[in-house]
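In our numbering, the protein residues as written are 850 to 1121.
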């Protein structure tokens, strides 16, 4: 009986007016979140560069603020606002969630950390657990990625605790692309390097403000060339790499340079 009296003292009596207020707050918050998640990405997709990425990154932050504001408005309607009551309620709820929803709570906490630390944002191209794609939604529990094959992948935020997050552009419109070429060791390296540089320089996808680099590395089976450059927009990366590869192979073939196949497991490639 004493416990029941203590519980009755913590929670307020729910009348019709209070119920209407609760329903109105929840409904308005849900509508506002839906509005933000649809309108801001719609506007962002009509912008370019940093403005697009900045607007996309605001979506999870605004949603979190709406949820926290809703929670702050609802609690005083249900609980007598005293320190003792708040500690009792939040302590009980936290303990229950900690045991019953440990993994879910871990993802929620990681989601809040992700919004603050920003290891990934909407519009970023990331690789997590071998999955590479563009972040199109940062939820409270999961991050959603669309891959180059148009697959939608949901990854819990708890990946922050154990997995490496590879972010290709980190909130910037610039994203470095790499086209690989494997050449026969007997060739003019200076000429091949200049040719690949010219291939990148004449690409219609090239962003001229960023540098072009041609990196060489000698292998037992031949010479590995890495042509590094930046497209105008990160979404063009696959077309850009394809363009560099097609025109790069044609330009090198016109010079009479032979290619090698991918090296075998023993480190020796087949020369062609």
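Heads up, the beta-carbon is just placed ideally off N, CA and C, and yes, glycines get one too.
For clarity, every value in this text was computed on a predicted model and none was experimentally measured.
With residue i and residue j assumed to form a contact (beta carbons below 8 Å), what rounded beta-carbon distance in angstroms separates them?
i	j	result
residue 1038	residue 1009	Going by Cβ atoms, the distance from residue 1038 to residue 1009 rounds to 43 Å, so no, they are not a contact pair.
residue 975	residue 923	Going by Cβ atoms, the distance from residue 975 to residue 923 rounds to 34 Å, so no, they are not a contact pair.
residue 953	residue 990	7 Å
residue 1081	residue 1054	6 Å
Please report the distance separating the alpha-carbon of residue i from that of residue j.
i	j	result
residue 967	residue 961	10 Å
residue 894	residue 1005	25 Å
residue 983	residue 973	6 Å
residue 1027	residue 1044	16 Å
residue 969	residue 872	34 Å
residue 1001	residue 1017	19 Å
residue 910	residue 978	25 Å
Nearest to residue i by CA position, among the options, is which residue?
i	options	result
residue 1104	1014, 1001, 1013, 1042	1042
residue 1086	964, 1052, 1032, 1046	1052
residue 1078	866, 1047, 908, 918	1047
residue 891	928, 971, 1074	971
residue 1030	879, 880, 915, 1109	1109
residue 883	864, 1002, 869, 986	986
residue 1068	1026, 1035, 978	1035
residue 1056	978, 885, 1033, 1083	1083
residue 955	928, 977, 1007, 876	1007
residue 864	926, 1075, 1076, 1071	926
residue 1097	869, 1076, 866, 918	1076
residue 907	918, 919, 885	885
residue 904	1088, 1002, 887, 995	887
residue 1033	1060, 1074, 1017	1074
residue 998	981, 1013, 1061	981
residue 918	879, 988, 978	879
Could you give the uninterrupted runs of the beta strand (DSSP E) lying entirely in the segment 950-988, keeping only those of 3 residues or more? 974-977, 980-987, all fully within the segment 950-988.
Is the segment 1020-1036 in contact with the segment 886-900, if contact means three or more CB pairs nearer than 8 Å? With contact defined as three or more Cβ pairs closer than 8 Å, the segment 1020-1036 and the segment 886-900 are in contact.
Let me know the alpha helix (DSSP H) ranges lying completely inside the segment 857-920, each 4 residues or longer, listed in chain order. List check, alpha helix (DSSP H) in window: 865-893.
Would you mind listing the alpha helix (DSSP H) stretches within the segment 1022-1099 that are 4+ residues and don't spill past its ends, in chain order? Annotation: the segment 1022-1099 contains the following complete segments of the alpha helix (DSSP H) (minimum length 4 residues), in chain order: 1038-1050.
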